[in-house]
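**Q**
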Amino acid sequence: MIPDVSQALSWLEKNPHVLKGIMRGLERETLRVNADGTLATTGHPEQLGAALTHKWITTDFAEALLEFITPVDGDIDHMLTVLRDVHRYSVRNLGEERLWPLSMPCYIENGQDIELAQYGKSNIGRLKTLYREGLKNRYGALMQTISGVHYNFSLPMAFWQAKCGSTDKEAVSDGYFRLIRNYYRFGWVIPYLFGASPAICSSFLQGKPTTLPFEKTEEGMYYLPYATSLRLSDLGYTNKSQSNLGITFNDLDGYVAALKRAIKTPSADYEKMGLTKDGKHLQINTNILQIENELYAPVRPKRVTRSGEAPSDALLRGGIEYIEVRSLDINPFSAVGVDEQQVRFLDLFMVWCVLADAPEMSSDELLCTRTNWNRVILEGRKPGLTLGIGCETAQFPLKDVGKDLFRDLKRVALTLDSIDGGSAYAEVCDQLVASFDDPELTFSARILHSMLESGIGGTGKALAAQYRDMLREEPLEVLLDEDFTKERDASWARLREIEAADSESFEDLLAKHA
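Note that UniProt numbering has the sequence shown beginning at 1, numbered continuously upward.
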C-alpha cells in the first residue's frame, strides 16, 4: 500500500544538505475557562493586546477562544520555547481563568451565549466578526469552540532546486501539491498517533441524535472505545456541504479556480437563512463559502498575503510558499498543546510526502481517501483494522502499513540527524513505531484511560490547573516582559491606525464579498 520511495530516499541520502533550512511555525488554539471548567464570559483581556493586530496572541471564533502564534522559525527548540513564553505571559494575565487543555469543549450548555470574537470598529474587524456570525448561523457555535494545533511547514529553496531543477512557482507548487495528495492518502497516521479526543461530553450533542455507537458513562461522557479524534469526525470540525465542491490538488490553476468558484456559488440553504434579520447581519453572503478560509480541510496550501489580498490571489501571484497541517488535536500531555516529538514526526512525514510518488487525484478519489481517515478517527485502535487504497476494494492491516511507512521515515530521520548531529529524529521514529504493535501507547488510548477514571471534565480541570500553576511559576526564556509590553502597546496603536484609515462604508465593503 505504501508507494516505493526507495529511489527518492537514496537520492536524499546522497544529498542531505537539501533539507538544511526547513522552516516551521505553530498556531495553538485554547479556550479560556473558569476554575470549574465553564467557558469564560469575560472579554479578551486588554493586557494581551488587540486581537486584530497582535503578532503572537489573537482570538479565533469566540472572545474566549485564544490563539497563540509563533513566528516562522528554523529551530524547533526555539520555536517551542517562544510558544511556551507566550503561554507563560498569558496565564499570568488571566487572573483565575485557565486554558482548557483538550480539543473538545465540555462545560458549554445548550443555548449558552458564546460571544463572538470582537476586533474593534474598523471595517476589517467588523467583517471578521460577521464571518464568525455566519459560521455560528451555518454550523452552530459549539462546533466552532473545538480547538486544535496548526503546524506550518516549508522546505528550503535548495531542496526544490535540487529535486525539480527549478524554484519557479509552478515547480514548487507542483511539489507541494504532491505532498498534499500524499497527505490525503496517508495523513490518517496523524490522528492514529496523536488524536486525543476519543470522547465527548454529552452536552456537546445538544440533544441531537447520532448514529455513532457511543458507549456512555454514568457521568454523561460519550466515547467510542477505539476512537482517536472525534474532533476530526462528522461530529467535529467538518462541513458535509463542502464535500462536492470538486476541489482537487493537482495543479495551482485548477485548485484556485475551484476555490474561487465555491466562494461565488450560491447555497440554497444559506439563501433561505438570508443576509439580515431585524436589522442585524447574519452572514457575509449566501454562497457555499463566505470567504476562502471557510473551506474545512485537513491541510492547506498557503502563501503570506499582502494587505487586502485574498489567499487564492496570493497563491496565483507567487505559488505555494508553505503547507498548513490542520489535523493535530490539542496534546493534553503538554502544557502548550504540542511537543517536540510531534513536530519532529511532522517534519519526517512532510518530507516523505513530498518524495513519494503521488498520482493525480480526481475529486471522487479525494472523497474515497476520507474512508481511511474515518476508520482511523472512529476505530483506529481496533485490533485487525484494515485500510484501503483510494476507491479500490483491496484492504491492508493498518499495523503493517504503519510499520512500512516508518521504515521509510527512519531513513529520512537518519538523513535529518546527519545534518543536525545527534539522533533526535531517529529516536522519535523508534518511540512512535511501537504504537502500531501496541495501540495503548497512542495519545487517544492514554487520555481515554484518564477520562474513564475522572470524566472529561475532571481530566480537563485537573490538567488546566496543573498547567496554569506550572506556567505561572516558570521564568520567560526567549521573550522578555518588555517584549510583551511593547507588542501589546504596538498592537493597540496599529488597531487605531486601521480604524482611522477606513475610507469606505461597511456596506460597500460587504458588497465586494457578495
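We treat Cβ as the ideally placed atom computed from N, Cα and C, and that holds for glycine.
Buried or exposed: Met221, going by 16 or more other Cβ atoms within 10 Å of its Cβ?
**A** The residue in question, Met221, is buried, as its Cβ has 16 or more Cβ neighbours within 10 Å.
**Q** Compute the beta-carbon to beta-carbon distance between Phe194 and Met104, rounded to the nearest angstrom, for a pair I have assumed lies under 8 Å.
**A** Phe194 to Met104, Cβ: 15 Å. No contact.
**Q** If Arg472 and Arg92 are in contact, beta carbons under 8 Å, what's the gap, nearest whole angstrom?
**A** Contact holds; Cβ gap of about 6 Å.
**Q** Helix, strand or coil, according to DSSP, for His449 in the structure here?
**A** In the structure shown, His449 sits in a helix (DSSP, three-state: H, G or I).
**Q** Would you call Ser227 buried or exposed, if buried means 16 or more other Cβ atoms sit within 10 Å of its Cβ?
**A** With the sequence shown as reference, residue 227 is identified as Ala, and Ser is not the correct amino acid for it. Buried, since its Cβ has 16 or more Cβ neighbours within 10 Å.
**Q** Grouping DSSP H, G and I as helix and E and B as strand, with all else coil, what is Pro105?
**A** Coil at Pro105, not helix or strand.
**Q** Can you list, in chain order, the residues of its chain whose CB lies under 6 Å from that of Leu9, leaving out five sequence neighbours each side?
**A** Correct list, in chain order: Arg411.
**Q** By DSSP, does Asn372 sit in helix, in strand, or in coil?
**A** Three-state result, Asn372: helix.
**Q** Run the CB neighbour count on Met157, radius 10 Å, all protein chains shown included, and call it buried at 16 or more, exposed below.
**A** Classification for Met157: exposed.
**Q** With a Cβ-Cβ cutoff of 8 Å, do Asp408 and Val18 count as a contact?
**A** No, Cβ-Cβ distance for Asp408 and Val18 is not below 8 Å.
**Q** State the Cα-Cα distance for the pair Asp502 and Phe443, rounded to the nearest angstrom.
**A** C-alpha separation (whole angstroms): 47 Å.
**Q** Quick one: which unbroken beta strand (DSSP E) runs of 3-plus residues sit fully inside the segment 183 to 269? Chain order, please.
**A** As far as the segment 183 to 269 is concerned, its whole beta strand (DSSP E) runs of at least 3 residues are 199 to 201 and 221 to 223.
**Q** Which runs of the beta strand (DSSP E) fall wholly inside the segment 52 to 115 and span at least 3 residues, in chain order?
**A** Qualifying beta strand (DSSP E) stretches, in chain order: 57 to 59 and 65 to 69.
**Q** Between Trp373 and the rest of its own chain, which residues show a CB-CB distance below 8 Å, the 5 nearest in sequence each way excluded?
**A** So the list reads Gly187, Trp188, Pro191, Leu232 and Pro298, once near-sequence residues are dropped.
**Q** Taking a contact to mean a Cβ-Cβ separation below 8 Å, would you say Tyr139 touches Thr129 in this structure?
**A** Their beta carbons are not under 8 Å apart, which means Tyr139 does not touch Thr129 by this criterion.
**Q** Would you please state the rounded distance, in angstroms, between the beta carbons of Arg381 and Ala445? I believe it to be under 8 Å.
**A** Indeed they touch by this definition, with Cβ atoms about 6 Å apart.
**Q** Since Leu289 and Gln283 are thought to touch, with beta carbons under 8 Å apart, how far apart are those beta carbons, to the nearest angstrom?
**A** About 11 Å separates the two Cβ atoms, so there is no contact after all.
**Q** Beta carbon of Asp60, beta carbon of Ala141: below 8 Å?
**A** No, Cβ-Cβ distance for Asp60 and Ala141 is not below 8 Å.
**Q** Mind checking who Gln161 pairs with in its DSSP beta bridge?
**A** For Gln161, which the question treats as bridged, DSSP gives no partner whatsoever.
**Q** Quick check on the DSSP output: what are the complete alpha helix (DSSP H) runs of length 4 or more inside the segment 401 to 470, in order along the chain?
**A** Within the segment 401 to 470, the complete alpha helix (DSSP H) runs of at least 4 residues are 424 to 437.
**Q** Helix, strand or coil for Asn137, going by three-state DSSP, please let me know.
**A** In the structure shown, Asn137 sits in a helix (DSSP, three-state: H, G or I).
**Q** According to DSSP, which residues form a beta bridge with residue 557?
**A** Because the chain here runs from 1 to 514, residue 557 falls outside it and cannot be looked at.
**Q** Using the Cβ count rule (16 or more neighbours within 10 Å means buried), how would you classify Asn285?
**A** That one is buried.
**Q** Whole beta strand (DSSP E) runs in the segment 288 to 343 with 3 or more residues, listed along the chain?
**A** Counting only runs of 3 or more, we get 299 to 302 and 322 to 329.
**Q** Tell me the residue span of the alpha helix (DSSP H) that contains Gln7.
**A** Note, Gln7: alpha helix (DSSP H), Ser6 to Lys14.
**Q** What residues in its chain sit with their C-beta under 7 Å from that of Leu83, if we drop five residues either side in the sequence?
**A** Answer for Leu83: Leu26, Arg28, Phe68, Thr70 and Val336, listed in chain order.
**Q** Determine the extent of the alpha helix (DSSP H) in which Thr286 is found, giving its start and end residues.
**A** Run containing Thr286: none; DSSP gives neither H nor E here.
**Q** Give me the Cα-Cα distance between Gly236 and Met143, rounded to the nearest whole angstrom.
**A** Roughly 6 Å separates the two Cα atoms.
**Q** Only counting the same chain, and skipping five residues up and downstream in sequence, which positions put a Cβ closer than 8 Å to that of Ile456?
**A** Within the same chain, Ile456 has close Cβ partners Leu102, Met104, Cys106, Ala199, Ile200, Cys201 and Met221.
**Q** Under the rule that 16 or more other beta-carbon atoms within 10 Å means buried, what is Ser423, buried or exposed?
**A** Looking at its Cβ environment, which holds fewer than 16 other Cβ atoms inside 10 Å, Ser423 is exposed.
**Q** My output table needs one value for Glu477: the three-state DSSP class, helix, strand or coil.
**A** In this structure, Glu477 counts as coil in the three-state DSSP scheme.
**Q** Measuring alpha carbon to alpha carbon, tell me which residue in Gly49, Gly95 and Gly175 is nearest Leu355.
**A** The residue with the shortest Cα to Cα distance from Leu355 is Gly175.
**Q** Using C-beta distances below 6 Å, list every residue in its chain close to Ile114, excluding the 5 sequence neighbours before and after it, in chain order.
**A** Excluding sequence neighbours, Ile114 sits near Ala62 and Ala141.
**Q** Measure the C-alpha to C-alpha separation of Ala171 and Met451 and round it to an integer number of angstroms.
**A** The straight-line gap from Cα to Cα measures roughly 47 Å.
**Q** Please identify the residue among His54, Gly246 and Pro213 whose C-alpha is closest to the C-alpha of residue 517.
**A** This structure cannot speak to residue 517, because the chain is shown only from 1 to 514.
**Q** On the premise that Asp437 lies in contact with Lys399, defined as a C-beta separation below 8 Å, what is that separation, rounded to the nearest angstrom?
**A** Between Asp437 and Lys399 the Cβ distance is about 7 Å, and since that is below 8 Å, they are a contact.
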